[in-house]
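> When we follow this note's numbering, the leftmost residue of the sequence shown carries the number 6, and every step to the right adds one.
Backbone N, C-alpha and C define an ideal beta-carbon position, used for all residues, glycine too.
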Amino acid sequence: MELSEAIQLIQSHSQHQSEPSVWADLGCGSGLFTYALAHYLPKESRIYALDQNNPLKPEIRPNGVEVVPRQQDFVRDDLELPALDGILMANALHYVADKPGFLRKLSNYLKPGGRFLIVEYDTDQPVPTWVPYPVSFRSLTQLFKTVGYGSVEKLGERPSRYGSGNMYAALIAP
């Protein structure tokens, strides 16, 4: 996926903020969605980019947004993060077996009104190694309602390049 496609996938009219904000991208990989999110954040915002094999360079400041790379396992490690305005997980939630417990833990890092931005494959069918614990949009909606969130908005979807299904992006708010 190209950066322009990632930017389009997570586009939301309710996402624009006027004040700098602090986000975490859990399982950031190459930083594709880190940089897509930076496209929508005001200058002087900060994104903590966590991944087990973090290749991101701290000197890259997309759109004037500071990217703070950290090499961490976001599922197993204790996360040392400040209070966050949002948490991005792009193709990462499907690595979490206990999703309700994990989301409750992550909620402790969010400021009041904090949001989740999720990008996932729209399937509940596991694909060993790649997608061990999938979460379709329907399942995601139920999952977040179970842990106390009221709004789950599908922002967009696109065909997956790995099969016949789709990928989706969702914004979750209290």
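Considering Cα atoms alone, identify which of 164, 51 and 35 is closest to residue 26.
51
> Anyone know if the C-beta pair for residue 171 and residue 158 falls short of 8 Å?
no
> To the nearest angstrom, how far is the alpha carbon of residue 104 from that of residue 150?
12 Å
> Would you decide whether residue 96 is buried or exposed? Buried here means 16 or more other CB atoms lie within 10 Å of its CB.
buried
> Could you check where the beta strand (DSSP E) with residue 52 kicks off and where it finishes?
51-56
> If you reduce the DSSP assignment to three classes, tell me which class residue 126 lands in.
strand
> Identify the residues that DSSP records as bridge partners of residue 172: which are they?
126 and 163
> State the DSSP-derived secondary structure class of residue 9, mapped to helix, strand or coil.
helix
> Could you compute how far the alpha carbon of residue 98 sits from the alpha carbon of residue 140?
8 Å
> Assign residue 107 to one of three DSSP states: helix, strand, or coil.
In the structure shown, residue 107 sits in a helix (DSSP, three-state: H, G or I).
> So, with DSSP's three-state summary, where would you put residue 67?
helix
> Rounded to whole angstroms, how far is the Cβ of residue 90 from the Cβ of residue 119, which I believe are closer than 8 Å?
6 Å
> Taking residue 178 as the reference, which of 88, 146 and 135 has the closest Cα?
When each option's Cα is compared against that of residue 178, the closest is 146.
> Of the residues 66, 49, 74 and 135, which one's Cα is nearest the Cα of residue 60?
74
> According to DSSP, simplified to helix, strand and coil, what is residue 62?
coil
> I think residue 8 touches residue 37, with their Cβ atoms under 8 Å apart; what is that distance to the nearest whole Å?
6 Å
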